[in-house]
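Working notes for the structure below.
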Amino acid sequence: MAKTKTVFFCQNCGAQYAKWQGQCTSCKEWNTIAEEVVQKASTNDWKETGSGSKTNRVSKPLKISEIDTSHEARYNTDDTELNLVLGGGLVPGSLTLLGGEPGIGKSTLLLQISLKLPYKTLYVSGEESQKQIKMRAERIHSKTDNCLVLTETKTQNIFRQIEATEPDIVIIDSIQTLHSDYIESSAGSISQIRECTTELIKFAKETATPVILIGHITKDGNIAGPKILEHMVDTVLQFEGDRNHVYRILRALKNRFGSTSELGIYEMLGSGLKEVSNPSEILISKKEEELSGTAIAATVEGMRPLMIEIQALVSTAVYGTPQRSATGYNLKRLNMILAVLEKRAGFRLGAKDVFLNITGGISVDDPAIDLAVVAAILSSNEDIPIAKDYCFAAEVGLAGEIRPINKVEQRIQEAEKLGFATVFVSKYNKISQKNSRINIQLVAKIEDVIEHLFG
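Under this note's numbering, the first residue of the sequence shown is numbered 473, with each subsequent residue one higher.
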C-alpha cells in the first residue's frame with residue numbers, strides 16, 4: 473500500500489506548503505491555499521502491459537554531433553495561420569498548450585485541424601460526448617477517416633487506447649479534465665494537472681508524437697493551474713478575441729521552435745474558423761465620407777505587416793476629472809503621449825476627455841503606431857479629418873521627436889500595396905525611395921506632422 477501524503481497548494485500560483493496558512497508568501501494572495509491528498513505510486517510510466525509490467529527506455533548521453541535530426545520533419549497542419557504561429561508546423565515529440573476564454577473557439581479550431589490533417593489523429597475529449605463532437609464536425613463540413621474521437625478522462629485508459637490505435641498526433645480537450653490514478657486529488661487540482669502533464673510529456677518525448685493540450689484560463693486571463701505548466705510544455709498559444717467581433721487572433725506566448733512575435737487571424741463563421749490571408753483589409757473600415765479622429769497606422773506582427781485603424785474622440789470633460797480610456801492600446805502610453813502633446817506641442821488636453829480605440833478588436837503593443845495615435849487625437853481635437861490615403865509609421869519620444877522604427881521598408885510596401893499615397897515616417901530612418909510609387913514624408917518633430925496635416 474502506497475503511503476498517503478497531504479500537501480497544501482496555492483490555487484493561484486501553485487506554491488507548495490507543508491501546512492495551511494492564510495496568505496501565500498509567493499503571490500501574496502489570501503485564502504488561496506487548499507489541501508490536496510497526494511499518493512506516491514510505485515510507478516508513473518505511461519506504458520504498461522496487461523500483466524502490470526512496464527518497459528523503460530534507458531537514455532544514454534550522446535555527443536551533439538552524433539544526434540541525428542534529418543528525419544525530424546515537421547507535421548504540416550494544413551492551416552496557414554497555425555503553421556505561421558508555430559514556426560512551420562508541429563514538431564515531433566512537442567507539447568503545445570492552447571489557452572483562451574470560454575466559447576472563443578479553442579475546441580472548434582483543434583477539431584477543424586484534426587479533420588483536415590492527413591495524419592491519423594486521436595481527439596480526446598473530457599468535456600463533450602462523441603455525439604456532440606460529431607455534430608460540430610458536421611457543421612464544419614469536413615469528412616475524413618483519419619480522426620479518431622475518444623471521450624475519456626483517465627490517463628491510464630487514454631494511454632491504453634493510444635497504444636492500440638498508434639496515432640500520429642494526439643489532441644487533449646482539456647488538460648483540466650484529466651486525472652491520474654497515481655494522484656488522489658480531484659481533476660483540475662494543481663497536483664493532478666502537473667502529474668497528467670508529466671505523463672503526456674514522457675509519452676511525447678519517448679514516441680516522438682506531437683501532443684496538443686487545451687487549457688482553461690482564469691478570470692485574470694492566465695492559464696489555470698500551476699505556472700509550472702507553461703514551463704513544462706514546448707509551446708504556449710493564446711487564442712483571443714472579442715465576442716462582439718467575428719475575428720479571432722492566435723498568438724504564441726512561448727515557442728521553443730520558432731518566433732513568439734507571429735500572429736494568426738481567423739474569422740468565426742457558422743461553418744467554423746476561416747483563415748484571414750489579408751487582415752489589413754478587414755482592420756480598416758470602409759467609409760464613404762471623411763471623418764475626423766481616425767488615422768491609419770502601419771504595424772508589424774512578427775514578419776507580417778498590418779494596416780490598422782486608430783480612432784480617437786476628444787471632447788470637453790463634463791465632470792471635474794477628465795476621462796482617459798483606451799481599447800487595444802496601452803493606457804499608460806496614451807497618458808504619456810497626451811503629456812507630450814501638452815508640453816511640447818502646446819495643445820491644452822488636460823481638461824478634455826480622450827477615448828482611443830483600435831478597430832477590429834485587436835490589441836497592439838507596437839510603439840510604431842504612436843504617430844497615428846497622435847494624428848487621430850489632434851484630428852478629433854481640431855475636428856479636421858485626415859486624408860484617407862495618409863498613413864503613419866513612427867514612434868514618438870518624450871521630447872516630441874519622431875523616432876525611427878524597425879522593418880520600415882515592409883510597412884511602406886504594405887501601405888503601397890493597399891493604395892495609400894503618403895506615409896509619414898521618421899527622417900532618421902534609412903529608406904531607399906527608388907522605384908517607390910508612394911510619397912514618403914520624412915518628419916523630425918510633432919510640429920512637422922501638425923504643419924503637414926493641419927497647415
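Every residue, glycine too, gets a C-beta built ideally from N, C-alpha and C.
Using DSSP with H/G/I as helix, E/B as strand and the rest coil, what is residue i?
{"i": "Q913", "result": "strand"}
{"i": "C668", "result": "helix"}
{"i": "A680", "result": "coil"}
{"i": "M704", "result": "helix"}
{"i": "W492", "result": "coil"}
{"i": "D645", "result": "strand"}
{"i": "L763", "result": "coil"}
{"i": "S566", "result": "coil"}
{"i": "L589", "result": "coil"}
{"i": "T549", "result": "coil"}
{"i": "I841", "result": "helix"}
{"i": "R820", "result": "coil"}
{"i": "T515", "result": "At T515 the pLDDT is 47, less than 50, meaning the model places this residue with poor confidence; the figure from the coordinates comes in the next sentence. The answer is coil: DSSP assigns T515 none of H, G, I, E or B."}
{"i": "L890", "result": "coil"}
{"i": "Q885", "result": "helix"}
{"i": "T788", "result": "strand"}
{"i": "I922", "result": "helix"}
{"i": "I768", "result": "strand"}
{"i": "I612", "result": "helix"}
{"i": "I673", "result": "helix"}
{"i": "I756", "result": "coil"}
{"i": "G522", "result": "With a pLDDT of 38 at G522, under the threshold of 50, the modelled position of that residue is not reliable, and the figure given next carries that caveat. The answer is coil: DSSP assigns G522 none of H, G, I, E or B."}
{"i": "I689", "result": "strand"}
{"i": "I605", "result": "helix"}
{"i": "I849", "result": "helix"}
Tell me, to the nearest whole angstrom, how far the beta carbon of residue i is from that of residue j; I am working on the premise that it is less than 8 Å.
{"i": "T616", "j": "I647", "result": "Between I647 and T616 the Cβ distance is about 25 Å, and since that is not below 8 Å, they are no contact."}
{"i": "I782", "j": "V845", "result": "6 Å"}
{"i": "F711", "j": "L570", "result": "6 Å"}
{"i": "I754", "j": "T799", "result": "About 17 Å; that fails the 8 Å criterion."}
{"i": "K674", "j": "G565", "result": "About 11 Å; that fails the 8 Å criterion."}
{"i": "L709", "j": "T568", "result": "6 Å"}
{"i": "V748", "j": "V683", "result": "Contact doesn't hold; Cβ gap of about 27 Å is too wide."}
{"i": "E986", "j": "S733", "result": "Residue 986 is absent from the model: the chain starts at 473 and stops at 927."}
{"i": "V826", "j": "R796", "result": "6 Å"}
Which residues in the same chain have their Cβ closer than 7 Å to the Cβ of residue i, if we skip the five residues on either side of it in sequence?
{"i": "S601", "result": "T623"}
{"i": "C485", "result": "C496, S498, C499, K699"}
{"i": "L587", "result": "A609, I612, S614, T616, C619"}
{"i": "S525", "result": "Any reading at S525 needs caution, since the residue's pLDDT is 36, under 50, leaving its predicted position unreliable; the model's value is listed next. For S525, where only same-chain residues beyond five positions count, there are no Cβ hits under 7 Å."}
{"i": "G559", "result": "N727, F729, G730, S731"}
{"i": "E854", "result": "F926"}
{"i": "G713", "result": "I576, Y719, R720, I721, G833"}
Do residue j and residue i have their beta-carbon atoms positioned less than 8 Å apart in this structure?
{"i": "G832", "j": "L554", "result": "no"}
{"i": "M915", "j": "S852", "result": "The sequence given here has Val at residue 915, not Met. Result no, Cβ atoms of V915 and S852 do not sit closer than 8 Å."}
{"i": "I841", "j": "T771", "result": "yes"}
{"i": "I634", "j": "I686", "result": "no"}
{"i": "S898", "j": "R875", "result": "yes"}
{"i": "A887", "j": "I910", "result": "yes"}
{"i": "S661", "j": "E508", "result": "yes"}
{"i": "I877", "j": "A866", "result": "yes"}
{"i": "A789", "j": "A823", "result": "yes"}
{"i": "T637", "j": "L745", "result": "no"}
{"i": "G598", "j": "I689", "result": "no"}
{"i": "L562", "j": "T549", "result": "yes"}
{"i": "F926", "j": "F896", "result": "no"}
{"i": "A724", "j": "V557", "result": "yes"}
{"i": "D837", "j": "N807", "result": "no"}
{"i": "Y862", "j": "I780", "result": "no"}
{"i": "E762", "j": "K606", "result": "no"}
Please name the residue or residues paired with residue i in a DSSP beta bridge.
{"i": "L534", "result": "DSSP, once it has assigned bridges, lists no residue as partnering L534."}
{"i": "F896", "result": "F864, Q913"}
{"i": "N829", "result": "Q783, T799"}
{"i": "R723", "result": "Q710, L735"}
{"i": "E776", "result": "Contrary to the premise, residue 776 reads as Arg rather than Glu in this sequence. Looking at the DSSP assignment, R776 forms a beta bridge with E773."}
{"i": "F481", "result": "Q488, A506"}
{"i": "H651", "result": "K626"}
{"i": "G744", "result": "L741"}
{"i": "E873", "result": "K917"}
{"i": "S597", "result": "T623, D645"}
Can you find the residues in the same chain that come closer than 6 Å, C-beta to C-beta, to residue i, ignoring five residues on each side of it along the sequence?
{"i": "T504", "result": "C482, Q483, N484, C496"}
{"i": "A784", "result": "G765, L828, A848, I849, S852"}
{"i": "S514", "result": "Residue placement at S514 is flagged as unreliable, the pLDDT there being 46, under the threshold of 50; a coordinate-derived value is accordingly withheld."}
{"i": "D640", "result": "Y591, K592"}
Quick one: residues in its chain with C-beta nearer than 8 Å to the C-beta of residue i, no 5 flanking neighbours on either side, listed in chain order?
{"i": "L813", "result": "F819, L821, V846, I849, L850, I918"}
{"i": "S652", "result": "N516, K626, T627, Q628, Q664, E667, C668, E671"}
{"i": "D920", "result": "I874"}
{"i": "V718", "result": "E739, M740, L741"}
{"i": "T478", "result": "E507, E508, V509, V510"}
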